[in-house]
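First the structure, in the form of structure tokens, and then the observations on it.
Here it is, written out as structure tokens:
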């Protein structure tokens with residue numbers, strides 16, 4: 026049982042380049058989330074999805090887009106990367122918003138130069 | 029933006045010591061409070077999800093209490109071991125919101 030899988034694990038981009046981070050879960054979870062982790066800031070929610078075909082903005086959505094075309098996948102896109110987007114990105118999923126804990130992926134370390 | 033605060037920021041204890049940390053959150057519109065354990069180079073793992081005022085949860089040597097009226101939760105570790113070294117995160121869900129707001133964590137280091 027893989028749980029939540031994020032790809033890639035590491036990536037270096039130049040300013041202005043684009044990329045997509047993939048999150049896949051095999052637990053049939055309805056809810057999926059993208060967070061970024063920066064020193065001293067805690068995990069901050071970028072975007073989330075409450076089901077296939079739905080997405081919503083979190084705390085820090087600017088500069089990112091997401092899509093949830095399939096229930097098991099949640100994609101995070103950076104259209105034009107900026108150095109401020111250098112961070113560690115975590116995907117998470119849960120059954121729903123009630124008492125369900127989040128299950129996290131192992132993170133993607135992104136550096137934008 | 030919801031304010032979820034954790035204290036202390038970091039803690040250094042000796043093996044065998046018992047310790048506790050605090051998570052403060054808005055006392056209005058409470059829905060759930062989560063605790064996660066985050067070891068270095070790994071991803072956060074859920075410890076507890078608490079929803080009722082006065083709730084107490086326990087997993088081995090780790091336990092947590094919840095006071096939704098005053099907006100705080102305590103996490104206790106009894107007889108700390110080196111393998112307890114990690115960052116402990118709390119996260120607050122308010123009302124019917126789907127979002128979970130995390131605190132910045134308490135970093136615990138347990139030495140022999």
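Chains as they are written, first to last, in our numbering: chain R, 26 to 138; chain B, 29 to 140. A virtual CB, placed ideally from N, CA and C, is assigned to each residue, including glycine.
With fewer than 16 other Cβ atoms from the protein chains shown falling within 10 Å of its own Cβ, residue 107 of chain B counts as exposed. Burial is judged here by how many other beta carbons sit within 10 angstroms of a residue's own beta carbon; residue 40 of chain B has fewer than 16 and is exposed. Straight-line spacing of the CA atoms in residue 70 of chain R and residue 61 of chain R works out to 7 angstroms.
Sorting B:51, B:43, B:47 by C-alpha distance to the C-alpha of residue 32 of chain B places B:51 at the top. Within the segment 60 to 78 of chain R, the residues whose Cβ lies closer than 8 angstroms to any Cβ of chain B are, in chain order, 60, 65, 66, 67, 68, 69, 70, 73, 75.
The contact set of residue 128 of chain B on chain R, defined by CB atoms closer than 8 angstroms, consists of 58, 70, 127 in chain order. The Cβ neighbour count for residue 66 of chain R, taken over all protein chains shown within 10 Å, is under 16; the residue is labelled exposed.
Note on geometry: alpha-carbon atoms of residue 88 of chain B and residue 85 of chain R lie some 36 angstroms from one another. Secondary-structure assignment with DSSP links residue 71 of chain B through no beta bridge to anything.
Beyond the five residues adjoining it in sequence on each side, residue 121 of chain R comes within less than 7 angstroms, by CB distance, of 55, 56 in the same chain, given in chain order. In the three-state scheme derived from DSSP, where H, G and I count as helix and E and B as strand, residue 108 of chain B is classed as coil. Residues of chain R with a Cβ closer than 8 angstroms to the Cβ of residue 133 of chain B are, in chain order, 67. Spatial neighbours of residue 137 of chain R in its own chain (CB-CB distance under 7 angstroms, excluding positions within 5 residues in sequence) are listed in chain order as 38, 40, 106, 107, 108, 110, 111. Close to chain B, meaning a Cβ-Cβ distance shorter than 8 angstroms, are the following residues of the segment 79 to 90 of chain R: 81, 83, 84. Under DSSP, residue 63 of chain R shares a beta bridge with R:67. The criterion of a C-beta distance shorter than 8 angstroms is satisfied by residue 121 of chain B and residue 59 of chain B.
Under the three-state reduction of DSSP output, residue 110 of chain R falls in the helix class. Looking from the CA of residue 133 of chain R, the closest CA among R:73, R:30, R:114 belongs to R:114.
Against residue 72 of chain B, the close residues of chain R are 129, in the order they occur along the chain (beta-carbon pairs closer than 7 angstroms).
For residue 40 of chain B, none of the residues of chain R pass the 7 angstroms Cβ criterion, the least Cβ distance being about 18 angstroms.
Counting of Cβ neighbours within 10 angstroms places residue 76 of chain B among the buried residues, the total reaching 16 or more. CA-to-CA, the gap between residue 97 of chain B and residue 35 of chain R works out to about 43 angstroms. By the rule that beta-carbons nearer than 8 angstroms mark a contact, residue 79 of chain B touches chain R.
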